[in-house]
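Peer 1: Just so you know, the protein sequences line up as chains Z and B, in that order.
Every letter in the first sequence is one number past the one before it in the numbering used here, and letter 235, counting from 1, is 235.
Positions in the second sequence are counted from 1; adding 311 to them yields the numbering used here.
In this text, a Cβ means the ideal position worked out from N, Cα and C, and glycines have one as well.
Small disclaimer: the values here were computed from a predicted structure and weren't measured.
Let me begin by handing over the structure; questions about it come next.
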Amino acid sequence: MSAIETAPVGQATVALPTPNAERKPLTEKEIAADHPTWCPGCGDFSVLALYFKLIERRKILHEKITTIAGIGCSSRFPYFVQAHGAHYIHGRALPFASGVSLSRPDLHVFVFGGDGDAFSIGGNHVNHTARKNIKMTYVVMDNFVYGLTKKQTSPTSPIGFKSKTDVWGSMDQPINPMKQLIAAGATFVARATATNPNHLLSMMEAAMDHDGFSVIECLSECIEFYEGAFDAANPRKGGIFNTVSPEHDVTDELAAYKLADTAFPGHFGVFYKVTEPTKNANEAKINAGAREKVQGQADWQILQKSFSRMK
Amino acid sequence: MSDSSTASPAANGTPTRSRISEAVIRIAGNSQDGIQAIGGFLARLAGRSEQEVMTFMTIPSTISGGPSIFQVRIGSGEVLSAGDEADLLIAFYQHSYDEHIRSLKKGGIVLYDSSHVTSNEEWEKDYHHLPVAISALTIESIGGTAKDKGKNIYTLGLVAKMFDLNIVKLTNLITERFTGKDVSIVNTALAAFNAGYSHSLGNVLETFEFIESQQKTGHQVVMNGNEALAYGLIAAGVRFGAGYPITPWSDIMELLRRELPKYGGSFIQCEDEIASVSMAIGAGYAGRVAVTGSSGPGISLKTEAIGWAVMAEVPLIVVNVQRGGPSTGMPTNVEQSDLNIAVFGGHGDSPRVVISPANVEDAFYTAIEAVNIARNYNVPVFILTDQSIATRIEAFEEPDFESICQNIGPDFKDVADHKPYDLSTPSGVVPRVPPGTRILSGKYPIATGLEHDEMGHPTGSPKLHMQMTAKRRKKLQCLGESLPVPEVYGASEGNILLVGWGSTMGPIREAVDKATAAGDSVSSIHIRHIHPLPPGLETIFSGFNHVFVVEMNDEGLYGYGQLANLLRARYCDPKIRGLTKVDGLNWKVREIIDRARSTVSVGILKR
């Protein structure tokens with residue numbers, strides 16, 4: 001029998017434990033693991049708390065939670081979640097998560113990472129995961145600085161930002177994550193900030209419901225190495241939190257691109273959202289067609305038939 | 312053409328017919344002439360006639376065109392290599408004739424296209440020359456529009472006549488090959504074949520007839536090593552893979568991409584080598600045994616991720632079809648210079664398994680063995696094959712599919728509790744619990760590249776780093792103890808022991824046979840398990856005065872090839888020495904014998 005087709009959706013629930021239907025939503029206590037190693041005041045705490053809330057609200061079964069990350073401060077994420085998870089290598093969380101997503105249609109994979117992972121060392125993977133439209137949700141916790149390695153310039157650091165690798169101020173053009181994601185063909189692109197939890201949670205829910213590659217750029221302040229970076233987007237600090245206008249057509253690529261062109265702090269909300277076939281669905285379609293042709297045959301018989309052509 | 316047994320006496324003007332046990336045919340032309348097709352038909356015919364066969368080809372690494380050869384050795388007895396010297400050379404062009412005439416044995420036959428080749432008087436003394444206006448006659452037989460197309464099939468007809476090949480079987484093969492295409496294509500091919508077959512070869516030459524081969528049990532299949540390896544992975548139950556195109560690995564990914572959907576699996580073409588290995592590891596983490604692979608520079612790119620799989624203890628199959636290196640190197644030539652990167656590649660102490668198939672048939676079974684090691688030990692396993700096995704065609708007994716095909720789908724049954732990196736097991740092996748598995752204790756595992764505690768959470772504890780490093784090592788030591796002791800080919804004691812690995816098994820064994828027949832005391836062993844090494848090698852080495860490790864790689868700074876270095880480090884035995892070469896070509900039997908003899912005369916202490 002084919003391995004992928006036998007991927008059981010919930011078949012594992014035998015008599016002893018509580019049946020799925022009667023299971024209560026997980027509490028924060030049940031899904032919180034190690035105490036986060038982030039600095040006090042880090043924006044990432046808020047993202048973690050909202051992930052817990054999302055799991056609780058959406059009643060995700062404990063064993064189905066799959067949290068994946070690369071390397072960086074934010075990428076410590078999986079250790080803080082009491083669930084299946086993987087802490088992979090720098091910049092490559094997306095292809096790793098793609099392997100999980102494509103071989104396990106029963107799981108909705110969440111990937112957390114920072115701006116270095118997403119737009120520097122792993123930049124090309126973002127483009128190709130977007131282009132392939134592999135089903136998963138990717139939350140980029142963007143702090144405009146390298147925090148784990150203690151204040152070097154990041155691909156999103158604004159020009160003039162003084163870091164240990166640009167003591168005179170950063171001079172390379174920063175990446176505009178929204179523009180890049182839209183251009184790469186991501187089918188759900190949203191922007192949020194860690195300081196507006198209700199908005200961020202609604203973005204995470206919308207991303208999770210999207211059938212395809214959904215990405216949220218979440219501004220998440222590094223109070224240690226780039227304090228005040230996002231004050232302009234925080235009304236409590238005198239900034240403005242501009243949500244995307246309800247009139248904005250999320251299927252209009254050019255309008256989305258224009259929205260992404262607004263000067264900092266820009267807009268928050270869903271910039272772009274379209275329905276395109278996912279890689280998962282395309283592969284499943286190819287499989288269904290191929291399986292139909294070999295209907296009723298065991299794997300060994302299919303193989304035997306291939307070999308009979310090589311005699 | 313060895314073993315000419317009975318030769319019928321030559322009547323006046325009629326060609327003689329000799330009974331032969333084997334023949335080496337080299338076809339030289341350009342890469343677009345379809346010479347691989349001639350070789351392929353001959354190999355397939357041999358498979359259907361219960362004969363043994365081995366092929367060897369060179370292809371230019373240019374995009375289109377360039378000189379190319381295909382050599383096929385067919386035998387009624389055992390065929391171990393593609394043959395040092397050809398009995399018959401077919402030369403399509405002047406350069407084919409000029410460059411390959413020396414590959415013929417003295418007295419061999421050169422059949423050349425007199426439309427393109429002018430013979431050399433000097434050489435006419437040493438070799439039988441047989442001019443046939445192949446190009447012109449092909450056009451005559453099938454019409455002029457096809458130009459050069461069809462001359463390969465015409466030539467196949469000539470060869471069929473010369474070797475009295477089974478016409479019914481060959482005609483079937485040609486028909487099968489072109490079935491599904493326009494009927495006129497089949498007819499044109501058959502017309503070209505028949506024209507070649509009925510061309511009079513004149514009365515100057517003898518023709519040949521293969522003696523009946525020893526009846527083999529079962530049916531033979533004919534394929535190249537890349538195909539055998541890919542199908543072996545399917546038989547092993549691999550249902551997910553990811554890769555990036557690179558020569559000569561691409562065939563494997565193409566085949567898996569095409570075939571896996573039939574089995575409900577997928578093979579994904581990724582944006583680069585790092586994404587490929589990462590995707591395969593992701594699928595491995597998710598409960599599969601997934602495959603990635605590459606050649607040359609692609610393997611270098613994957614090494615960081617492979618280190619993660621070692622650390623996180625996730626199963627993974629990495630196919631490395633070795634080619635000439637370093638860097639872009641010689642993409643279409645054979646070399647065995649990736650043993651070090653397979654065994655040691657990457658930073659830190661990252662023990663992984665390395666297995667190397669010995670021939671095409673073994674590539675099929677090695678794939679199955681590799682998958683089972685990967686899933687039983689939760690470790691990356693390198694299948695270290697090479698360009699020679701990848702592209703050569705061999706016939707082998709059809710596998711018993713029903714008994715070998717495995718279902719290795721993941722198990723998601725609830726578990727009470729789970730420690731992914733449990734230190735209490737003696738072997739260091741812990742069963743995997745992929746996502747989707749409910750853990751009733753509510754404590755879930757993290758797969759990680761950071762040094763970790765038993766649950767997978769990061770630790771800086773010196774004690775845990777020592778214990779976890781030992782755990783990862785212990786798994787391989789445990790595996791090593793369970794491996795079979797290699798069998799000695801030839802006498803179990805003597806003067807010289809040749810040690811080989813990978814595609815060199817055939818020529819090494821043939822060298823043992825030939826040298827033994829000539830009165831030398833030579834035996835050989837073949838090491839399939841490169842890392843960990845199998846037990847019992849010390850005992851085998853102790854029976855010989857000299858141990859020569861025959862490899863296709865450089866002797867290095869200290870005078871030893873890559874396996875020789877490993878064996879010297881492991882056994883501290885000064886009689887282990889290297890016989891290496893890096894000409895991008897397979898070892899010839901004669902080269903092995905000559906090098907072994909001369910190295911013995913140098914003596915151990917001279918180095």
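1) Got a sec: is the Cβ-Cβ distance from Z:F213 to anything in chain B below 7 Å?
2) Along chain B, which residues have their Cβ under 9 Å away from the Cβ of Z:G99?
3) Which residues, in order along the segment 82 to 98 of chain Z, keep a beta-carbon less than 9 Å from a beta-carbon of chain B?
4) What runs of the beta strand (DSSP E), each 3 residues or longer, lie entirely inside the segment 790 to 829 of chain B?
5) Answer yes or no: do Z:T129 and Z:F213 have a C-beta to C-beta separation smaller than 7 Å?
6) Within 10 angstroms of its Cβ, does Z:I159 collect 16 or more other Cβ (buried), or is it exposed?
7) Between B:G609 and the rest of its own chain, which residues show a CB-CB distance below 6 Å, the 5 nearest in sequence each way excluded?
8) Using the Cα positions of B:A503 and B:L422, report the straight-line distance between them to the nearest angstrom.
9) Bridge partners for B:R328 per DSSP, in chain order?
10) Do the segment 341 to 349 of chain B and the segment 362 to 381 of chain B meet, that is, are 3 or more Cβ pairs less than 8 Å apart?
11) 7 Å is my cut-off, CB to CB: does Z:M136 come that close to chain B?
12) Excluding the five sequence neighbours on either side, which residues of its own chain have a C-beta within less than 6 Å of the C-beta of B:L353, listed in chain order?
13) Would you mind stating whether Z:M178 and Z:F271 have Cβ atoms separated by less than 7 Å?
14) So the beta strand (DSSP E) B:L695 belongs to, where does it begin and stop?
15) So, with DSSP's three-state summary, where would you put B:T490?
16) Could you compute how far the alpha carbon of B:N505 sits from the alpha carbon of B:I445?
17) Quick one: is B:Y574 near chain Z, going by C-beta distance under 7 Å?
18) Starting from the C-beta of Z:L201, find all residues in its chain whose C-beta is less than 7 Å away, skip the five residues before and the five after it, and write them out in chain order.
19) Taking only beta-carbon positions, decide if B:Y882 is within less than 7 Å of chain Z.
20) Give me the Cα-Cα distance between B:T429 and B:F403, rounded to the nearest whole angstrom.
21) Which residues in chain Z sit within 7 Å of B:H768, going by Cβ to Cβ distance?
22) Residues of chain B with CB under 7 Å from Z:Q304, in chain order?
23) Indicate whether at least one CB of chain Z lies closer than 7 Å to the CB of B:R281.
24) Excluding the five sequence neighbours on either side, which residues of its own chain have a C-beta within less than 7 Å of the C-beta of Z:A33, listed in chain order?
25) Is the CB of Z:H108 under 7 Å away from at least one CB in chain B?
26) For B:L400, does the three-state DSSP call read helix, strand or coil?
27) Below 8 Å CB to CB, which residues in the same chain sit around B:V726 once its five sequence neighbours on both sides are set aside?
28) Beta-carbon of Z:E63 versus every beta-carbon of chain B: anything under 7 Å?
29) First and last residue of the alpha helix (DSSP H) that includes Z:P95?
30) Going along chain Z, which residues have a C-beta under 9 Å from B:P756?
31) Please look up how many angstroms separate the CB atoms of Z:N143 and Z:G114, rounded, as I've assumed it's under 8 Å.
32) Classify B:R413 as buried or exposed, calling it buried when 16 or more other Cβ atoms lie within 10 Å of its own Cβ.
33) Could you pull the start and end residues of the alpha helix (DSSP H) that Z:D252 belongs to?
34) Fully enclosed by the segment 577 to 646 of chain B, which alpha helix (DSSP H) runs are 4 residues long or longer?
35) With 16 as the cutoff for other CB atoms within 10 Å, does B:E523 come out buried or exposed?
36) Output yes or no for whether 7 Å exceeds the beta carbon distance between Z:K273 and B:V532.
Peer 2: The short version:
1) Taking Cβ atoms only, chain B never reaches closer than 7 Å to Z:F213, which makes this a no.
2) F551, A553, I579, S589, M590, A591, I592, G593, A594, G595, Y596, A597, R599 and A601
3) Q82, A83, H84, G85, A86, H87, Y88, I89, H90, G91, R92, A93, L94, P95, F96, A97 and S98
4) 805 to 811
5) yes
6) Per the 10 Å Cβ criterion, exposed.
7) Result list for B:G609: I557 and E584, in chain order.
8) Between the alpha carbons of B:A503 and B:L422 lies a distance of about 17 Å.
9) B:T518
10) yes
11) no
12) Here the set comprises V383.
13) In this structure, Z:F271 lies closer than 7 Å to Z:M178 by Cβ.
14) Boundaries of the beta strand (DSSP E) around B:L695: P691 to D697.
15) strand
16) 13 Å
17) A Cβ of chain Z is located within less than 7 Å of the beta carbon of B:Y574.
18) Once the five neighbours on either side are set aside, the close Cβ partners of Z:L201 are L50, K53 and L54.
19) no
20) When rounded, the distance between both Cα atoms is 11 Å.
21) Chain Z residues near B:H768: D34 and Y79.
22) F712
23) Because chain B in this structure spans residues 312 to 918, residue 281 of chain B falls outside the shown range and cannot be described.
24) Y79, F80, V81 and Q82
25) no
26) strand
27) Excluding sequence positions up to five before and after B:V726, its CB lies within less than 8 Å of the CB of V744, T748, R749, I750 and L751, all in the same chain and listed in chain order.
28) Interface flag for Z:E63 against chain B is set, since a Cβ pair is found closer than 7 Å.
29) A93 to S103
30) H84 and G85
31) 7 Å
32) exposed
33) Where Z:D252 is concerned, there is no enclosing alpha helix (DSSP H), given that its DSSP letter is neither H nor E.
34) Within the segment 577 to 646 of chain B, the runs of alpha helix (DSSP H) at least 4 residues long that lie entirely inside it are, in chain order, 584 to 596 and 608 to 623.
35) exposed
36) Taking 7 Å as the Cβ cut-off, Z:K273 and B:V532 do not qualify as a contacting pair.
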